[in-house]
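A.B. asks:
Numbering (our numbering), first residue to last: 25 to 503.
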């Protein structure tokens, strides 16, 4: 359903809305502040996926994550189709599920032809339960447990080996599995990729830079000869490729191009050691637009730049084109979701600031207090009302630092108004907690005027589900 804008809309939320003169397929979701289906209806309320946000809050409560299916699917298709357009070899886009791992999101990614990048046993289990073929599952992590490695081998996914400890443990596990399989007449050789640290800097937050040499992730490039020699001697492992990742929320194309060039050089070196490497995973990291000043490249621009470098580098080295993989997370799902809150109390500190509190905060979005992340917001039930206030959006937690947005331009608000924070699809629910014993919010997916739960709201009973009270403590209450 497409609604016309009410008079006066230019004074408010329209600056955040997608350009409706362009088809959704032509707009790169990572360059939008709101989901592609965002509209203002005749009640001056924000709609997403054909659903009035204020009515969603009435039905499902708040805080509420609202995921727009069309925006997510559009991003998946843009990545998938861009690789087909610009890369003549085989390619595979993987959804980095640490951004938001749940059955619904993994199922959508799978239905659009994407694989899944997981970083824990829990994420691997979720992807498997969502019906992913293990051939399209890649397991990352710098300290995988013995149980996780065992699960990975048994599932048949590809394991991205991060360090010497993991490599030696995996070699031992794989040798044992191969022996047992041999006794049954079969053979198991787990597929692995080697994660290498490229030493490439990019302009992003210190905590999300993973490509520089001083990183907890990956083998040091100075160890290449030693690593390749060791792996080439392990018949119990099937080393199919190399992996690297330079960080997250990156707007520059040059670091990714540099990475692609370096990885082709590594590929050539690995082949010289007799390793059967046929895949290169260049990671992810493409940024999204959180504020008006953010200017990330489009998905197509990013993919084109990567593909051209790999093609040229392989031609120069006279190498066949490898299977090319990437693993976007934030740029797939970040802009596809918003979080709706109900406004409550306010406090005016004369000549300093005005605080407006909402019914959530750092437990449903820890990124502002953790990464100093900046967000934008609108009042969903006052979309065309002039922006006359500059306020600080405070959460409800018992922390002075529980601030979602420091300087939010809003219309004058009242308790009960619905505040919508944009760009909350990545690392919001996945990093959510029960701090202050708050239940985690519900999440709904919206499409063509229909809303469905994909995550139920936790209850107080859920908070106690894992609690244990020893008998001696119960008895102590009675003296």
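Backbone N, C-alpha and C define an ideal beta-carbon position, used for all residues, glycine too. This structure is a prediction, so every number in the text was calculated from the model and none was measured.
1) Does the Cβ of residue 340 have 16 or more other Cβ atoms within 10 Å, making it buried, or fewer, making it exposed?
2) Check this for me: beta carbons of residue 130 and residue 161, under 8 Å apart or not?
3) So, residue 99 versus residue 355, is the Cβ gap smaller than 8 Å?
4) I need the boundaries of the beta strand (DSSP E) containing residue 444, first residue and last residue.
5) By alpha-carbon positions, which one of 59, 168, 436, 43 ends up nearest to residue 357?
6) When DSSP labels each residue in this structure, what does residue 338 get in the three-state scheme?
7) Rounded to a whole number of angstroms, what is the C-alpha to C-alpha distance between residue 189 and residue 196?
8) Helix, strand or coil for residue 235, going by three-state DSSP, please let me know.
9) Assuming residue 60 is part of the beta strand (DSSP E), what are its boundary residues?
10) Per DSSP, which residues does residue 303 bridge with? Please list them.
11) Within 10 angstroms of its Cβ, does residue 391 collect 16 or more other Cβ (buried), or is it exposed?
12) One question on the structure: do residue 117 and residue 91 come within less than 8 Å of each other, judged by their Cβ atoms?
13) Cα separation between residue 371 and residue 87?
14) Starting from the Cα of residue 109, find the closest Cα among 328, 219, 427, 333 and give me that residue.
15) Are the beta-carbon atoms belonging to residue 308 and residue 350 less than 8 Å from one another?
16) With residue 444 and residue 364 assumed to form a contact (beta carbons below 8 Å), what rounded beta-carbon distance in angstroms separates them?
17) Let me check understanding here. Comparing Cα to Cα, which of 361, 198, 275 lies closest to residue 177?
18) Could you tell me whether the Cβ atoms of residue 447 and residue 57 are closer together than 8 Å?
19) Shortest alpha-carbon distance to residue 136 belongs to which of 240, 55, 151, 101?
20) Measure the C-alpha to C-alpha separation of residue 417 and residue 455 and round it to an integer number of angstroms.
21) DSSP on residue 422, reduced to helix/strand/coil?
22) Just list the alpha helix (DSSP H) runs in the region 89-149, keeping only unbroken ones of 4 residues or longer that don't cross its boundaries, in chain order.
23) Under a three-way DSSP split, which group does residue 287 fall into?
24) Which of helix, strand or coil does DSSP assign to residue 34?
25) Please return the same chain residues whose Cβ sits closer than 8 Å to the Cβ of residue 132, not counting the five positions on each side in sequence.
26) From what residue to what residue does the beta strand (DSSP E) around residue 54 run?
27) Residue 217 bridges to which residues according to DSSP?
28) Could you check the C-alpha separation between residue 313 and residue 497 for me, to the nearest Å?
29) Could you give the distance in angstroms between the alpha-carbon of residue 119 and the alpha-carbon of residue 374?
30) Could you please give the first and the last residue of the uninterrupted beta strand (DSSP E) stretch that includes residue 368?
31) What would DSSP say about residue 75, mapped onto helix, strand or coil?
32) Does DSSP classify residue 411 as helix, strand or coil?
C.D. replies: Answer, in terms of the structure:
1) The residue labelled residue 340 in the question sits at position 316 within the chain shown. Exposed, by the Cβ-count rule.
2) Reading the chain shown from its first residue, position 106 is the one you call residue 130. Reading the chain shown from its first residue, position 137 is the one you call residue 161. Contact flag unset, no.
3) Counted from its first residue, the chain shown places residue 99 at position 75. Counted from its first residue, the chain shown places residue 355 at position 331. Their beta carbons are under 8 Å apart, which means residue 99 touches residue 355 by this criterion.
4) By one-based count along the chain shown, residue 444 stands at place 420. 442-445 is the extent of the beta strand (DSSP E) around residue 444.
5) Locating residue 357 in the chain shown gives position 333, counting from the first residue. The option with the nearest alpha carbon to residue 357 is 59.
6) Taking the chain shown and counting its residues from 1, one reaches residue 338 at position 314. Of the three classes helix, strand and coil, the one that applies to residue 338 here is helix, per DSSP.
7) By 1-based counting over the chain shown, the position of residue 189 is 165. By 1-based counting over the chain shown, the position of residue 196 is 172. Going from the Cα of residue 189 to the Cα of residue 196 covers about 11 Å.
8) Against the chain shown, residue 235 aligns to sequence position 211. Model confidence at residue 235 stands at a pLDDT of 43, short of 50, so the residue's coordinates are unreliable; what they give is reported in the following sentence. Note: residue 235 maps to coil in three-state DSSP.
9) Along the chain shown, read from residue 1 onward, the residue named residue 60 stands at position 36. That residue, residue 60, is in no beta strand (DSSP E); it is neither H nor E in DSSP.
10) Locating residue 303 in the chain shown gives position 279, counting from the first residue. Answer is 265, 347.
11) Residue 391 sits at position 367 when you count from the first residue of the chain shown. So residue 391 ends up on the buried side.
12) In the chain shown, residue 117 corresponds to position 93, counting from 1. In the chain shown, residue 91 corresponds to position 67, counting from 1. Not a contact, by the Cβ cut-off of 8 Å.
13) Taking the chain shown and counting its residues from 1, one reaches residue 371 at position 347. Taking the chain shown and counting its residues from 1, one reaches residue 87 at position 63. Cα to Cα, the separation comes out at about 21 Å.
14) Translated into positions along the chain shown, residue 109 becomes position 85. Per the Cα distances, 328.
15) For this step, residue 308 is matched to residue 284 along the chain shown. For this step, residue 350 is matched to residue 326 along the chain shown. Result yes, Cβ atoms of residue 308 and residue 350 sit closer than 8 Å.
16) Taking the chain shown and counting its residues from 1, the one referred to as residue 444 is at position 420. Taking the chain shown and counting its residues from 1, the one referred to as residue 364 is at position 340. Rounded, the Cβ-Cβ distance is 5 Å, consistent with contact.
17) Residue 177 sits at position 153 when you count from the first residue of the chain shown. If we check each option's Cα against that of residue 177, 198 comes out closest.
18) Position 423 of the chain shown, counting from 1, holds the residue named residue 447. Position 33 of the chain shown, counting from 1, holds the residue named residue 57. Result yes, Cβ atoms of residue 447 and residue 57 sit closer than 8 Å.
19) Taking the chain shown and counting its residues from 1, the one referred to as residue 136 is at position 112. When only C-alpha atoms are compared, the closest one is 101.
20) Translated into the one-based positions of the chain shown, residue 417 becomes position 393. Translated into the one-based positions of the chain shown, residue 455 becomes position 431. Using only the alpha carbons, I get a separation of about 20 Å.
21) For the purposes of this step, residue 422 is identified with residue 398 of the chain shown, where counting begins at 1. It is coil, neither helix nor strand.
22) 93-110, 127-135
23) Against the chain shown, residue 287 aligns to sequence position 263. Three-state DSSP puts residue 287 in a helix.
24) Counted from its first residue, the chain shown places residue 34 at position 10. Reliability fails at residue 34, whose pLDDT of 38 lies under 50, so the model's placement of it is uncertain and no value is given.
25) Residue 132 sits at position 108 when you count from the first residue of the chain shown. Same-chain partners within the cutoff: 93, 96, 97, 100.
26) Counting from one through the chain shown, the residue named residue 54 turns up at place 30. No beta strand (DSSP E) contains residue 54, which DSSP labels as neither H nor E.
27) As a first step, residue 217 must be located in the chain shown, where it is residue number 193. Answer is 184, 265.
28) Indexing the chain shown from 1 puts residue 313 at position 289. Indexing the chain shown from 1 puts residue 497 at position 473. If you take the alpha carbons of residue 313 and residue 497, they lie about 52 Å apart.
29) One-based indexing of the chain shown puts residue 119 at position 95. One-based indexing of the chain shown puts residue 374 at position 350. Roughly 47 Å separates the two Cα atoms.
30) In the chain shown, the residue the question calls residue 368 occupies position 344. Counting along the chain, the beta strand (DSSP E) containing residue 368 begins and ends at 361-373.
31) Here residue 75 refers to the residue found at position 51 of the chain shown. Here residue 75 sits in strand by DSSP.
32) In the chain shown, the residue the question calls residue 411 occupies position 387. Coil at residue 411, not helix or strand.
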